[in-house]
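> Handing you this structure, nothing more for now.
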Amino acid sequence: MKKSVLLGLVFLLLMGGTAMAEMKTLRLALASDPETLDIQQQLSGNMLEFSHWVFDPLVRYAQDMSFEPRLAHKWEQVDPQTMRFHLVKGVKFHSGNPFTAKDVVFTVNRMKQSVDFKGLFEAFETPVIVDDYTVDIKTNKPYSLVLNMATYIFPLDSVFYTGTDDKGQPKDAVVKAGYSFANETLPSGTGPYRCTFREHGVRMELERNADYWDKKSPGNIGKVILTPIKEEATRVAALLSGDVDFIYPVPPQDFERIGKEPKVNLVTYTGGRIITVQMNQNRLEAFKDKRVRQAINLATNNVAIADKIMKGTATPAGQLSPKGYAGYNEALAPQYDLAKARALMKEAGYENGFEASMIAPNNRYVNDEKISEAFVAMMSKINIKVNLKTMPKAQYWDEYDKQVADFQMVGWHADTEDSGNFYEFLAMCPNKETGYGQYNSGNYCNPEVDRLTLACQTETDLAKRTAMLQQVEKILYDDAFCVYFHWQNHSYAAAKGLDVLPIVNVMNFPYIGDLVWK
Amino acid sequence: MFAFIIRRIVQALMVMVVIALIGFSVQHSIGDPVRDMVGERVSQAEREVIRERLGLNDPALLQFSRFCWKALHGDLGVSYFHKRPAMEVILSKAPATLELVLGSTAIILLFCFPVGIYTAIRPRAWFSRFVMAVSTVGVAVPVFLTAIALIYLFGVELRWLPTYGRGQTVNIGGWDTGLLTADGLLHLILPSIALSSIMLPLYIRLIRSEMMEVLETEYIKFAWAKGLSRWRVWLLHAFKNTLLPVITVFGVEIGILFAFTLLTETVFQWQGMGFMFLEAVERSDTSLLVAYLVVVGVMFVVINTIVDICYGFINPMVRIAGNP
C-alpha cells in the first residue's frame with residue numbers, strides 16, 4: 001500500500017517535472033504595460049498587444065501581411081456590403097462560457113460605443129447572426145477594408161460582460177476615466193493566456209490557457225510575467241544581467257552592446273510608422289511654392305539620418321506607404337541632391353532663404369529630438385534658418401493642433417494597415433466636419449488626392465484600388481506635400497533559445513501565444 | 001509647546017492651499033490629460049465631450065473651489081491614468097519611497113559619523129585625503145549616472161545584485177514592504193546606495209568641517225589641558241557640539257532626499273511616489289499631480305515641525321527664544 005502511494009508520488013513528481021520543463025516562465029519587460037483591462041476602452045499599441053495575448057481576433061495579419069484565420073476559419077463575400085464569417089466551433093472563453101456568433105455581435109456593437117473605436121467602425125452596421133457559428137458583418141456602403149477591420153474584432157465574452165456589477169453599474173460600460181467593471185476585472189477571453197494578476201504599472205501575470213482551442217499553436221511558454229521598465233538603460237541592463245528574458249523596444253544606442261553579448265539575440269523587423277515633417281502653407285507663403293517644398297525634401301539627407309542617428313533601425317522613405325502596403329510605389333525612392341535643391345530655391349526666388357519655426361516632440365518617436373536637430377542643420381545648407389523647439393508629447397499635441405509653427409513633426413502608423421488611412425489623416429484637405437486631414441497641419445490640399453482616396457474606400461476591385469492608391473502616392477511625392485524621413489523599425493532582444501523572429505510582424509504585436517522556447 | 005504646534009498646523013494649512021493653487025495654475029501648461037486617454041484618431045469634438053464630462057472646461061476658479069471642497073472631505077480627485085482615487089494611488093506608492101529613503105538614511109547615518117569624525121581628527125591621513133577626493137566626485141556626479149554605473153557593475157558584470165524593481169514584497173496591514181524578505185532587501189541595496197551618494201559626501205564634509213572648527217575652540221584646548229582622555233575630548237566635548245548644525249541641515253536635506261528619489265526611482269523602476277510623479281507629468285495626469293503636491297506639502301511640513309521640536313529639545317535657547 002505504502003509502496004504504491006510512494007510510486008504514485010514519484011510518478012506525479014516526474015510528470016510535474018516534465019510538464020514544468022516544457023512550460024517555462026517568460027519574464028518580459030516592456031516600456032509600459034497595458035493601460036487598462038478593457039481592450040475596447042483604449043486604442044493603443046499596448047492594448048492591441050495585450051488583446052493578442054488574452055483574446056483572439058477573427059483574423060490576424062501574418063508576417064507577409066496576408067490574413068490568417070483565427071476565430072473565423074473561413075470567410076466569403078456575400079454581397080458588396082456583407083462579409084460572411086464562419087467561426088471555429090468548440091471554443092471556450094476563460095470563464096467557461098462557449099464562444100458563439102452572439103459574442104461577435106456584442107463585441108462589434110460595443111466597439112461602436114467606444115470613443116476610440118467608433119471612428120474605425122463607422123462604416124459597420126450591427127452584424128447579423130446566421131447561426132451559432134456563422135455571422136454576417138455588414139457595412140453601410142461597399143467597403144474594401146472589412147478584413148482589415150476584422151483584425152480589430154477580438155470577441156468578448158458577452159455573458160461575462162453583461163448585467164450589473166456589485167456597484168450597480170452595467171458591466172458592458174466603456175469608461176474613459178474612473179471605475180468600470182471591464183477596466184478593473186481580469187478579463188475573460190479566448191486567447192492563449194489568461195490574465196491572473198495585474199497591478200497597473202508594476203506587474204502583470206499571464207498563465208497559459210490549458211484549454212486553448214488552437215492546438216496547432218506551437219507556443220510553449222507556461223507563464224508570462226510582464227514588468228514595465230520605462231528607463232531604456234535599465235531595461236537593457238535587466239536583460240543583460242538575466243533578470244528578464246525578453247525586452248522591447250531596444251534603444252538604438254545599445255544595439256552594438258547587445259550584438260556582442262553571446263547570451264542574447266537581437267531581432268529587428270520592418271515597422272509601418274512613417275516619420276514626417278509638415279510644412280504649413282497657411283502660415284508661411286514660401287511653402288505654397290511646390291519648388292520650395294521639393295527643395296526642402298532634396299536637401300534632407302534621410303539616408304544619412306537612418307544610418308547615423310537611427311543606426312540602421314529605420315528604412316529611409318520617399319513616400320508614406322511602407323513596402324507591403326497596397327499603395328507602396330516602387331518608383332518613389334528617397335531623394336537627396338543638394339545642388340538641385342539650391343537651384344530650385346533660386347528658381348523660386350528664395351536664394352537667400354528665409355526663417356521658419358519648427359516644433360517636434362522629444363519623447364514620442366525614436367530619436368525624435370536628434371532627427372529634428374539634424375533636419376535644422378540640413379536646412380541651413382539651403383539658407384533656411386529653422387528655430388526649433390522640442391517638448392514632451394504631453395504638451396506637444398496641443399501645440400500641434402494649434403499649428404504654432406511652420407514645420408511640425410508627425411509620425412503615423414496606419415491602424416487599418418492600409419495606405420488609404422495615411423492619406424485620410426495626413427494628406428486630405430483638412431475638414432472639421434468630416435474629420436479628414438485631422439493630422440494635416442501642412443494644410444496641403446489637392447482635390448484630386450481627396451477624390452481618389454475617397455473612391456478607394458468603396459472600391460472592392462483590388463487591382464483597380466491598388467493602382468489608385470499608388471497614383472495618390474505619386475501625386476503626393478511630386479507635390480512634395482511633406483518632408484519624408486523614414487519608417488521606424490521594431491527591435492526586440494531576447495535570451496538565446498527564444499525563437500522571436502517567427503512571432504514578430506509589422507504592427508509590433510509579437511504573438512507571444514506562439515512563442516517557442518527551445 | 002501647544003501654541004507652537006497650533007501655529008504650525010495653521011501654517012501647514014496655508015502652505016497646502018498655496019501649493020494646491022500653484023498646482024492648479026500650472027496644470028494647464030502641463031498638457032491635456034485627455035490626449036493620453038484616447039487613441040490618436042479620436043477627433044477634437046469627441047475629446048471635447050470627455051473634457052466636458054471631466055469638468056476640465058469649467059473656469060479655473062470653479063475647478064479650484066470644487067477641488068478644495070472635496071479635499072476638505074478627504075477626496076483629492078481621481079487619477080486619470082490609474083482610474084482610481086489619487087489618494088489611494090499615492091498611498092499605495094508611499095511605502096516604496098519611504099523604504100528607499102529609510103535605506104539610504106541608514107547608509108548615511110552608518111557612515112557619515114565615523115568617517116566624518118575620523119577625517120576631522122586625522123585630516124592628513126591618506127584615508128582622509130582619499131575620502132575627500134571621492135566625496136567631491138560623489139557630489140558632482142548626477143544620481144542617475146551613479147545609478148546606471150552601479151547597475152552595470154553589480155548587476156550586469158558581477159551579477160551580484162538585481163537590476164530593477166522591488167523584488168518580493170509582503171503585505172502587512174496594507175503596507176507593502178520589501179524589508180522582510182531576503183529578495184526585497186537585495187533589491188533595496190543598489191537604489192539606496194545610489195540615493196545616498198548625493199547626501200553622504202555632503203554630510204561627511206559637513207561633520208568634518210564643523211568638528212575641525214570645534215576642535216580649534218578654547219574649551220577644547222582647556223579640555224586637553226585638563227588632561228582628559230582623547231576619546232572623551234573628541235566624542236563628548238567636540239562631537240556633541242558639532243551635532244546641532246548637522247541636525248538642522250538634516251531636517252532640510254531629508255526633503256531634498258525625497259526630491260532625488262524621483263531620479264533614483266525612475267532608473268531602478270522603483271515603484272514609488274517619485275516614479276509615479278514623473279509618469280504623471282509625462283501623461284499630464286493633472287489630478288494626480290495636484291494631489292501629490294498636496295501630500296508632499298503635508299509631509300514636508302510634518303518633517304520640518306518634528307525637526308523644529310527636536311531642535312528645541314537639544315538647544316534650550318531656541319525654545320526660550322520661541323516663547324518670549
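Residue numbers (this note's numbering), protein chains in the order written: chain A, 1 to 518; chain B, 1 to 324.
Each residue gets a CB set at the ideal place from its N, CA and C atoms; glycine is no exception.
From A/Lys464 to B/Gln271, what does the alpha carbon distance come to, in whole angstroms?
54 Å
> What residue does the alpha helix (DSSP H) around A/Ala314 start on, and which one ends it?
Run containing A/Ala314: none in the alpha helix (DSSP H); it sits in the beta strand (DSSP E), 314-316.
> Go to B/Leu62, then tell me how far its alpha helix (DSSP H) extends in each direction, as first and last residue.
60-72
> Output needed in chain order: residues of the region 469-500 of chain A with a Cβ under 9 Å from some Cβ in chain B.
For the region 469-500 of chain A, which is checked against every Cβ of chain B, not one residue is closer than 9 Å.
> Nearest to B/Tyr219 by CA position, among B/Phe127, B/Trp234, B/Gly178, is which residue?
B/Trp234
> Any beta-carbon of chain A closer than 9 Å to the one on B/Phe260?
no
> In angstroms with no decimal places, state the Cα-to-Cα distance between A/Ala237 and B/Gln269.
12 Å
> Could you check what DSSP says for B/His82 in three-state terms: helix, strand or coil?
coil
> Using alpha carbons as the reference points, say which of B/Arg47, B/Gly55, B/Leu76 lies closest to B/Ala291.
B/Leu76
> Under a CB-based cut-off of 9 Å, is B/His237 close to chain A?
no
> According to the neighbour-count rule (16 or more other Cβ atoms, all chains shown, within 10 Å of its Cβ), is A/Leu298 buried or exposed?
buried
> Closer than 9 Å between beta carbons: that is the criterion. Which residues of the region 268-279 of chain B meet it against chain A?
Phe268, Gln269, Gln271, Phe275, Met276, Leu278, Glu279
> For the region 278-308 of chain B, enumerate the residues whose C-beta is nearer than 8 Å to any C-beta of chain A, in chain order.
Going along the region 278-308 of chain B in chain order, one finds Glu279, Val281, Glu282, Arg283, Ser284 with a Cβ nearer than 8 Å to chain A.
> To the nearest angstrom, how far is the alpha carbon of A/Lys24 from that of A/Asp172?
35 Å
> Quick one: is A/Lys230 near chain B, going by C-beta distance under 9 Å?
yes
> Take the Cβ of B/Gly31 as the centre, count every other Cβ of all protein chains shown within 10 Å, and call the residue buried at 16 or more, exposed below.
buried
> Does B/Gly174 get closer than 9 Å to chain A when you measure Cβ to Cβ?
No, because no Cβ of chain A sits closer than 9 Å to the Cβ of B/Gly174.
> Take A/Phe509 as the anchor and find which of A/Lys393, A/Leu240, A/Asp415, A/Asn280 has the nearest alpha-carbon.
Of all alpha-carbon atoms in A/Lys393, A/Leu240, A/Asp415, A/Asn280, the one lying nearest the alpha-carbon of A/Phe509 is that of A/Asp415.
> Starting from the C-beta of B/Thr305, find all residues in its chain whose C-beta is less than 7 Å away, skip the five residues before and the five after it, and write them out in chain order.
Arg8
> In whole angstroms, what separates the C-alpha of A/Gly353 from that of A/Phe425?
30 Å
> So, with DSSP's three-state summary, where would you put A/Cys524?
Here chain A comprises residues numbered 1 to 518, so residue 524 of chain A is not present and cannot be evaluated.
> With DSSP collapsed to three states, give me the class of A/Lys346.
helix
> Between the C-alpha atoms of B/Glu99 and B/Glu265, what's the straight-line distance to the nearest angstrom?
The alpha-carbon atoms of B/Glu99 and B/Glu265 are separated by roughly 12 Å.
> Using beta carbons (cut-off 9 Å, strictly below), is B/Asp36 in contact with chain A?
Interface flag for B/Asp36 against chain A is set, since a Cβ pair is found closer than 9 Å.
> Closer than 7 Å by C-beta to A/Val88: which residues in its own chain qualify, once you throw out the five before and the five after it? Chain order, please.
Leu71, His73, Trp213
> Check the Cβ-Cβ distances between A/Gln253 and every residue of chain B, and say whether any is below 9 Å.
no
> So A/Tyr400 is in the alpha helix (DSSP H); what residue range does that whole segment cover?
393-402
> If I'm right that A/Asp33 touches A/His200 with Cβ under 8 Å, what's the distance once you round it to whole angstroms?
7 Å
> According to a CB-to-CB cut-off of less than 9 Å, which residues of the region 193-223 of chain A neighbour chain B?
Within the region 193-223 of chain A, the qualifying residues are Glu199, His200, Gly201, Val202, Arg203.
> Should B/Ala149 go down as buried or exposed, given a rule of 16 or more other Cβ atoms within 10 Å for buried?
exposed
> Please report the distance separating the alpha-carbon of A/Val128 from that of A/Ala150.
15 Å
> Assign A/Pro510 to one of three DSSP states: helix, strand, or coil.
Coil, per DSSP.
> Using a Cβ-Cβ cut-off of 8 Å (strictly less than) and excluding sequence neighbours within five positions of A/Leu28, which residues of its own chain qualify?
Val224, Ile225, Leu226, Thr227, Val244, Asp245, Phe246, Ile247, Ile512
> For A/Leu37, which residues of its own chain have a beta-carbon under 8 Å away from its beta-carbon, when the five flanking residues on both sides are left out?
Non-local beta-carbon contacts of A/Leu37 in its own chain, meaning distances under 8 Å to residues more than five positions away in sequence, involve Ala182, Asn183, Glu184, Thr185, Leu186, Pro187, Cys195, Arg198 in chain order.
> Name, please, each residue of chain C whose Cβ falls closer than 9 Å to the Cβ of A/Asp415.
Protein chains A and B are contained in the structure displayed, whereas chain C is not.
> Using three-state DSSP, classify A/Cys429 as helix, strand or coil.
It is coil, neither helix nor strand.
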